[in-house]
Amino acid sequence: MPWAEKIYSFYKGSSTDNALDFSKRSSFIRDIMLEKVYPKRIVLPMQMNFGVPAVPTVKVGDKVTIGQCVGAPRPGSFAVPVHSGISGTVTEIRDITLPNGIKCPSIVIESDRKRTFHQSVYPRQDVNISASKVRGIVKDAGIVGMGGEGIPTIAKINRARKSGVDRILVNCLQNEPFANCDHMRICETPEYIVMGAVALAGAVGVSRIDFLVSEKRKDDVAALQNAMELSAGDYSGYAFNIKFFRERYPQGYYGMIAKALYGVDLKEGETLEERCGAVLFNCSTVYACWEAISDNIPLTSRLITVTGETMESHNVIAPIGTTVSELLSTVNGISRSNNRIIWGNTLTGLEITDPENTPIIKTTPAVSVIPRKEIPVSQCIRCLRCVESCPEEIDPGFLYQLLRRGLKRNADEEGVRKCIACGICSYVCPSGLDLTGAVAACATELRGQQTRGKAFYAYSGGGRMDIGAVSLLETYEEEDYGEQVIESDDIVLPFEGGKNV
Ligand code: SF4
Ligand code: SF4
Numbered sequence: 276m277p278w279a280e281k282i283y284s285f286y287k288g289s290s291t292d293n294a295l296d297f298s299k300r301s302s303f304i305r306d307i308m309l310e311k312v313y314p315k316r317i318v319l320p321m322q323m324n325f326g327v328p329a330v331p332t333v334k335v336g337d338k339v340t341i342g343q344c345v346g347a348p349r350p351g352s353f354a355v356p357v358h359s360g361i362s363g364t365v366t367e368i369r370d371i372t373l374p375n376g377i378k379c380p381s382i383v384i385e386s387d388r389k390r391t392f393h394q395s396v397y398p399r400q401d402v403n404i405s406a407s408k409v410r411g412i413v414k415d416a417g418i419v420g421m422g423g424e425g426i427p428t429i430a431k432i433n434r435a436r437k438s439g440v441d442r443i444l445v446n447c448l449q450n451e452p453f454a455n456c457d458h459m460r461i462c463e464t465p466e467y468i469v470m471g472a473v474a475l476a477g478a479v480g481v482s483r484i485d486f487l488v489s490e491k492r493k494d495d496v497a498a499l500q501n502a503m504e505l506s507a508g509d510y511s512g513y514a515f516n517i518k519f520f521r522e523r524y525p526q527g528y529y530g531m532i533a534k535a536l537y538g539v540d541l542k543e544g545e546t547l548e549e550r551c552g553a554v555l556f557n558c559s560t561v562y563a564c565w566e567a568i569s570d571n572i573p574l575t576s577r578l579i580t581v582t583g584e585t586m587e588s589h590n591v592i593a594p595i596g597t598t599v600s601e602l603l604s605t606v607n608g609i610s611r612s613n614n615r616i617i618w619g620n621t622l623t624g625l626e627i628t629d630p631e632n633t634p635i636i637k638t639t640p641a642v643s644v645i646p647r648k649e650i651p652v653s654q655c656i657r658c659l660r661c662v663e664s665c666p667e668e669i670d671p672g673f674l675y676q677l678l679r680r681g682l683k684r685n686a687d688e689e690g691v692r693k694c695i696a697c698g699i700c701s702y703v704c705p706s707g708l709d710l711t712g713a714v715a716a717c718a719t720e721l722r723g724q725q726t727r728g729k730a731f732y733a734y735s736g737g738g739r740m741d742i743g744a745v746s747l748l749e750t751y752e753e754e755d756y757g758e759q760v761i762e763s764d765d766i767v768l769p770f771e772g773g774k775n776v
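So the sequence shown is numbered by my numbering: it starts at 276 and just counts up by one.
Structure representation (structure tokens):
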């Protein structure tokens with residue numbers, strides 16, 4: 276196995292030895308609890324991803340089962356199917372506004388506590404399938420990027436094929452403080468990630484797979500290496516590499532990976548696929564793809580970290596749509612009084628006030644509980660900590676001052692659109708200024724003006740990286756999967772029929 280010696284990184288950001296306190300993160304993933312959550316009810320939004328909402332296919336009073344499609348895309352729309360993660364009865368269909376601003380219909384399902392699977396959910400006997408069938412499965416299973424933006428995975432696959440990439444990158448670089456569901460996923464089911472990566476490489480039409488791993492995560496590396504070696508005979512046509520990265524927040528971001536790995540600063544509208552010849556998939560997304568292929572189960576649940584500054588992290592497997600209040604009730608010792616509940620990671624998530632009616636969605640990696648501290652807000656003292664930390668090398672303090680005076684055009688000239696809403700500037704600011712809130716909101720607004728009029732709106736709670744939205748839309752509906760007939764020019768994936776993993 277070829278092992279890379281080099282350790283990749285980008286400039287600035289925050290490492291363990293300057294601003295961010297990572298001290299409570301356990302390096303031993305198996306010390307952290309993994310439990311299953313069986314909620315009494317779920318609230319399933321029809322849009323949980325980059326795109327537009329699906330349309331409910333059930334009505335109040337209908338009985339549903341696990342894996343059943345309850346929301347389907349309108350033909351030709353940039354939506355993905357939604358499936359139930361519990362069995363029970365549809366009790367309500369109502370509009371919901373998610374913390375990130377998405378407004379869409381949602382389906383409320385009360386559990387019958389039977390955990391009955393839909394008849395279509397059964398382990399696939401023959402996984403020796405074509406690349407076009409993989410693409411059809413990924414699309415029908417409603418899989419979206421689970422590490423951030425929620426880009427429909429089929430759109431990414433199709434864009435990568437169109438761009439002529441020569442490799443896939445598997446992003447194992449989760450490095451937000453306290454969140455570690457991706458690491459748990461790697462250590463618990465490395466075979467699924469290796470086989471899912473091979474399937475995605477086949478679907479894209481490439482044979483090179485690079486796993487991007489933190490240099491400090493020796494357990495991740497060992498698990499992946501072991502899974503590769505165990506399966507080596509099955510994948511003789513594929514080249515695996517492990518690329519080591521410095522533990523530095525926000526290293527797992529799309530744009531930071533381009534900087535670290537290729538020395539490329541992606542400009543607005545540029546994509547990793549076109550500029551660097553590679554396509555990036557989060558490791559939990561890769562897992563979901565293999566689960567859909569081998570176990571034939573759509574994206575109905577996810578691993579999520581329940582975490583906070585004063586508690587050990589817990590990783591639980593929860594049906595998509597589980598409310599935050601039910602999720603928190605599964606973890607002992609969480610007090611909600613005088614705590615902020617954050618929908619998402621500690622630095623980038625959004626505070627919520629209605630956990631009873633706020634569900635976790637396909638893209639929610641964590642729910643964080645943080646002590647409410649009243650930090651006195653004062654004037655900027657020009658300490659430049661925000662400038663020294665900003666991974667996009669803009670000046671958050673200066674932008675904040677411009678935006679306070681309403682000078683958006685000047686902020687645009689100063690590069691406000693580059694903000695990826697990583698949250699570091701607010702974290703390090705000794706004056707307690709909400710720099711991220713101001714800068715990221717402006718970035719989102721300016722980018723939104725540019726894309727308005729297209730047949731979609733972005734999934735975004737704050738400023739985010741540019742992900743080439745237009746090219747994603749163009750490629751989403753490119754292929755007619757029909758009956759998923761094997762095409763003669765497809766790559767046939769090298770899996771043994773019926774192999775159990
Ligand atoms: S970190 Fe805060 S106080 Fe320091 S320069 Fe930036 S905005 Fe000003
Ligand atoms: S939130 Fe935006 S402005 Fe602040 S450090 Fe991150 S990228 Fe820079």
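C-beta atoms are modelled at their ideal positions from N, C-alpha and C, and glycine is treated no differently.
A straight line joining the alpha-carbon of D387 with that of S359 spans about 13 Å.
Comparing alpha-carbon positions, the option among T598, C462 and Y702 lying closest to T623 turns out to be Y702. The C-beta distance from E466 to A502 rounds to 5 Å, short enough to fall under 8 Å. Taking the Cα positions, F673 is about 28 Å away from T546. Within the model, the alpha-carbon separation for Q654 versus A696 is close to 22 Å. Taking one beta carbon from each stretch, the stretch 415-425 and the stretch 480-492 have fewer than 3 pairs nearer than 8 Å; the two do not touch. Beyond the five residues adjoining it in sequence on each side, S576 comes within less than 8 Å, by CB distance, of G360, I592, A593, P594 and I595 in the same chain, given in chain order. In this model, L536 and L475 are separated by some 21 Å (Cα to Cα). For G346, there is no enclosing alpha helix (DSSP H); the enclosing beta strand (DSSP E) has its first and last residue at C344 to A347. For R316, the enclosing beta strand (DSSP E) has its first and last residue at R316 to P320. For P465, the three-state secondary structure derived from DSSP is helix. Between S706 and V652 a beta carbon distance of about 7 Å is seen, short of the 8 Å cut, so the two are scored as contacting. Inclusion of Y675 in the 7 Å shell around ligand 1 follows from its C-beta lying nearer than that to a non-hydrogen atom of the ligand. Assigned with DSSP and collapsed to three states, L721 falls in helix. V333 is positioned such that its CB atom lies closer than 8 Å to that of V339.
G477 is not a Cβ neighbour of F325, given a cutoff of 8 Å. The C-beta distance from I517 to V473 rounds to 15 Å, too long to fall under 8 Å, and the pair is not in contact. G422 and G336 have their alpha carbons spaced roughly 34 Å apart. Following the DSSP letters along the chain, one finds D337 in no alpha helix (DSSP H), marked with neither H nor E.
Those residues having their beta-carbon less than 7 Å away from any non-hydrogen atom of ligand 1 are, in chain order, C655, I656, R657, C658, L659, R660, C661, V662, P671, G672, Y675, C700, V703, C704, P705, S706, L708 and L710. By the CB criterion at 8 Å, P320 and I377 fall inside the cutoff. Cβ-Cβ distances below 6 Å link T391 to T340 and S362 in the same chain, with the five nearest sequence neighbours on each side left out; the list follows chain order. The three-state secondary structure of F556, taken from DSSP, is strand. Cβ contact annotation for Y397 (same chain, cutoff 7 Å, sequence separation greater than five): N571, in chain order. Contact between S612 and E631 is ruled out by a C-beta separation of about 16 Å, above the 8 Å threshold. M459 and N590 do touch by the CB rule: their CB atoms are close to 5 Å apart, below 8 Å. Checking the 7 Å criterion, the Cβ of G698 is within range of a heavy atom belonging to ligand 2. By the criterion of a C-beta distance shorter than 7 Å, V606 is surrounded in its chain by V581 and H589, once the five residues flanking it on both sides are discounted. For L448, the three-state secondary structure derived from DSSP is coil.
At a cut-off of 7 Å, the beta-carbon of E667 counts as near ligand 2: some heavy atom of the ligand is closer than that.
If you compare the alpha carbons of C379, A354 and Q676 with that of V318, the shortest gap goes to C379. Straight through space, the alpha carbons of I382 and E367 are spaced by roughly 6 Å. In the three-state DSSP reduction, N614 falls in the strand class (E or B).
Cβ atoms of R680 and I645 stay farther apart than 8 Å, at about 31 Å.
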